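Read left to right, the sequence shown gives residues 1 to 678 (the UniProt record's numbering).
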Amino acid sequence: MQATLKNFTTLEGYTVIENPKLSHLFYEHIRAWKPKNSEEDLKQASDDTLTKINDIICEWIDDKGIQKIANRYRSHLDIGILKPPQLSKNELEINSDVSLKIAQFVYEQLCKFTPEKIKGKAIYMILYEYYKKYIIGDKNPASCADFALLLQESRKQEMDEDIAISQALETYIPLQANTYPYDGDNNEKNDTFDCHQHIIEFLEGEEKKSERQQGKVMIIQGKSGSGKSIFCRHLEEILWNNYKNNPKQSVPVYISFSKIYNSKNEKDIILQALQGKHISKESMDAIREKVSFVFIMDGFDEVFDKYNQSDNNDKYFYDRFNLNQWNAKVIVTCRSKVLSDKDIKNTLIGVNQNQDQDIKTSMMFLWPFTKQQIYNYIEKFATMKSKNKNNNDWTSKTYEETLNNYPNLQKMIEEPFLLQLILTVLPLLVKQYGTGSRISKAQVYEVFNDQWIDIHSQNIVSKLAELRIQMNFNKVKSTLRQYCLNLGFDMFYQGNQVAVELESQYENNDGEIWSKLDPEMENENKSTFWKKYFGGSNVAKNVSKITKINDIKISATKTSDTWEKYFNGDSVAKYVLRRVSDNKYQFLHKSCQEYYAAQKMIFDIISWKPSVIDVNNQQFQQQFETCVQQLSINYKLLNDELGIIQFIAERIHDNNPIYVNLKSRLFRIIEASKNSEN
């Protein structure tokens with residue numbers, strides 16, 4: 001007892017305790033505190049924390065216990081303590097509220113105290129854990145390290161849910177780029193540079209200048225399928241690895257425009273993105289003050305139509321998205337030739353940026369794969385496939401030799417995504433079209449998407465069979481295909497690559513709904529637009545039946561009791577899509593959506609039949625003209641939809657007899673437009 005008391009005296013004990021006044025000052029804050037009912041838990045936690053601190057000072061915890069606590073210590077210089085949101089109040093308000101004074105005291109102690117000895121480190125950790133749980137709150141980050149950990153956990157969840165991205169990263173091949181776009185000539189030129197290395201140099205350059213004083217923006221352009229999105233995900237992974245090795249590095253945040261962008265709330269796009277990664281709104285100000293970022297903003301072209309239609313007179317994205325409020329470098333990807341040169345200058349570069357603010361903007365263009373990159377990709381792809389128990393025993397050499405038999409595929413395989421698609425279905429292409437055939441891009445997508453639907457149809461049928469529910473495979477497959485055609489077209493029509501499943505549609509709000517006035521039909525609420533794709537009980541309900549050509553096409557709902565009982569109001573059809581978050585779905589790639597949109601338009605055209613079969617050309621044209629305006633190809637201009645146009649154009653030359661009338665009917669549509677008042 002004497003030894004303990006001796007060690008606790010002011011003269012001797014405090015000389016071996018770092019920050020000796022901490023315990024007493026903390027005691028002074030809580031000594032006369034008479035908490036309100038809502039503050040009882042905080043008061044009790046404060047008393048318990050003071051007791052734990054004194055237990056360490058007095059060595060009423062054994063050395064092993066103190067060491068165990070101290071082992072969790074990380075300096076505030078490394079983790080970066082975040083300021084509590086409640087301290088945003090003015091000094092008068094803080095001084096008149098004991099709980100706020102305690103929050104301020106603990107925050108200041110954690111930001112200043114840098115212990116070097118075991119006891120000091122243990123005391124720091126006791127105080128930090130109290131701060132994290134009771135001042136900040138368990139659900140909010142108490143430090144920059146906590147914030148980074150939340151983002152990493154969110155990213156892991158995204159990767160686990162999005163198998164397509166995980167597989168693509170497994171076969172990732174470094175991309176080549178240039179400061180000017182690829183012109184279609186030989187891409188074996190030696191003046192290209194490594195895309196990743198160029199970005200790293202961009203991010204690390206000019207560190208002498210304050211990031212607050214100079215914004216830095218990199219615009220990455222590339223064709224559809226050139227690897228923009230997978231590069232962004234790869235870059236994000238590399239930057240996270242760099243951060244783990246050095247927490248002083250900037251934190252990467254991947255933002256998919258199609259998933260996050262909201263035209264009604266553009267200025268808060270970063271806040272929305274972070275909230276989507278489980279970061280609370282209350283923590284944002286403290287995070288913004290302490291953390292530097294790399295915002296990787298992917299797919300600007302996918303939201304450009306809505307962005308451009310806004311009433312906001314400020315066209316420059318950096319200002320529209322309030323990016324100057326963040327300590328960040330920004331990377332934006334955009335599909336080539338979707339934006340005009342003028343749009344790029346006004347929207348992505350900013351006409352008056354040099355006058356108003358110091359923002360350095362760079363631009364690079366992704367180039368197609370070289371022969372060496374193609375070879376490297378095939379090697380990785382074959383290795384990945386060899387791990388699959390359903391592997392067809394194709395080696396990298398088999399893939400290479402087979403590809404050499406199809407000269408017209410050589411240009412296609414220079415694009416990373418198309419190379420992936422072609423390798424995936426190459427055995428089927430050989431089987432379906434024979435060696436040496438001329439295979440179009442549309443035919444590649446047809447075989448790939450059919451295989452994709454086959455796999456999902458078989459999974460559905462197999463799962464139901466386990467429950468002794470019999471389902472016709474061909475019926476499921478046909479329904480899923482029709483579902484994709486309809487959804488692909490509606491995504492094109494709505495200008496949205498992500499379909500949202502509303503949680504509210506499963507809530508029983510009948511009374512509220514019945515009491516509301518019906519909206520006018522032409523002003524259909526967009527928030528309910530996607531319901532036809534996600535609500536209801538079965539796959540079959542999503543089949544959109546083509547009615548008579550002179551009728552407006554609507555989605556016909558068909559209910560099946562079997563599906564309803566098993567899926568409890570959930571739609572099976574959505575599982576053919578790529579799930580990108582809890583309630584958001586999209587196709588595997590934008591080009592897949594474009595393929596289905598094009599096919600929907602084509603089938604709409606070629607399925608039309610005259611009311612009388614035996615008619616001459618003039619009568620045929622007259623009947624055809626009466627329904628031209630109601631064809632889906634006329635619902636929206638295709639001027640900027642180069643992907644859809646290419647798929648339609650390729651079908652004109654397709655040898656499949658179902659397309660025999662496509663070319664002539666497209667000409668008939670042109671003729672009809674000459675006579676149309678619209």
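Beta carbons are placed, not taken as given, at the ideal position from N, Cα and C, and that holds for glycine. Note that this is a predicted model, so its numbers are computed, not measured.
For A328, the enclosing beta strand (DSSP E) begins and ends at A328 to R335. In the structure shown, P252 falls within a strand segment according to DSSP collapsed to helix, strand and coil. Every beta strand (DSSP E) of 3 residues or more that sits fully in the UniProt domain "NACHT" (217 to 341) is shown, in chain order, as 251 to 256, 293 to 298 and 328 to 335. In this structure C58 is not in contact with I81, their Cβ atoms being roughly 27 Å apart against a cut-off of 8 Å. Separation of G120 and N71 (C-alpha to C-alpha, rounded to the nearest whole angstrom) is 11 Å. D194 has Q176 as its beta-bridge partners, per DSSP.
Contact annotation: the region 452 to 460 does not touch the region 405 to 413, with fewer than three C-beta pairs closer than 8 Å. Scanning R468, V628, D162 and H76 for the CA closest to the CA of T114 turns up H76. For the pair G227 and L366, the CB atoms are nearer than the 8 Å cut-off. The shortest C-alpha to C-alpha distance from A382 to any of L127, E170, D62 and Q622 is the one to E170. Taking C-alpha positions only, D301 is separated from Q221 by approximately 10 Å. Spatial neighbours of F304 in its own chain (CB-CB distance under 7 Å, excluding positions within 5 residues in sequence) are listed in chain order as V338 and L339. Boundaries of the beta strand (DSSP E) harbouring Y585: K584 to Q586, taken from the DSSP string. In the DSSP annotation of this structure, the continuous segment of the alpha helix (DSSP H) that includes V430 starts and ends at P416 to Y433.
T114 carries a coil assignment under DSSP once its states are collapsed to helix, strand and coil.
Per DSSP, the continuous alpha helix (DSSP H) segment holding R665 begins and ends at L662 to N675. In the structure shown, the three-state DSSP call for R74 is coil.
Rounded to whole angstroms, the gap between the alpha carbons of V444 and R74 is 54 Å. Counting only residues of its own chain and dropping the five nearest sequence neighbours on each side, R665 has a CB closer than 6 Å to the CB of I605.
Across the structure, V253 and K315 are spaced so that their CA atoms are roughly 23 Å apart.
If you check the CB distance, V294 and F147 do not come in under 8 Å. The three-state reading of DSSP puts I359 in strand, counting E and B together. Taking the C-beta atoms as reference points, I374 is found no nearer than 8 Å to I422. Residue pairing for A499: DSSP places it in a beta bridge opposite Y585. Within the same chain, I94, L100, A103, Q104 and Y107 come within 8 Å of L87 by CB-CB distance, once the 5 residues on both sides are set aside. With a threshold of 16 other beta carbon atoms within 10 Å, F473 falls short and is exposed. At a Cβ-Cβ threshold of 8 Å, K590 and E415 do not count as neighbours.
Within the model, the alpha-carbon separation for E401 versus K267 is close to 52 Å. In the structure shown, I81 falls within a strand segment according to DSSP collapsed to helix, strand and coil.
Under the three-pair Cβ rule at 8 Å, the region 234 to 248 does not count as touching the region 430 to 450. Between the alpha carbons of T192 and Q67 lies a distance of about 55 Å. Under the Cβ criterion (8 Å, minimum of three pairs), the region 272 to 290 counts as touching the region 253 to 264. In this structure, DSSP gives L42 a helical state, which the three-state scheme calls helix.
Looking at the DSSP output, R578 bridges to Q586. A direct Cα-Cα distance of roughly 12 Å separates T370 from Y182. Within the same chain, Cβ atoms closer than 8 Å to the Cβ of L150 are found at P141, K277, H278 and I279, the five residues on either side in sequence being excluded.
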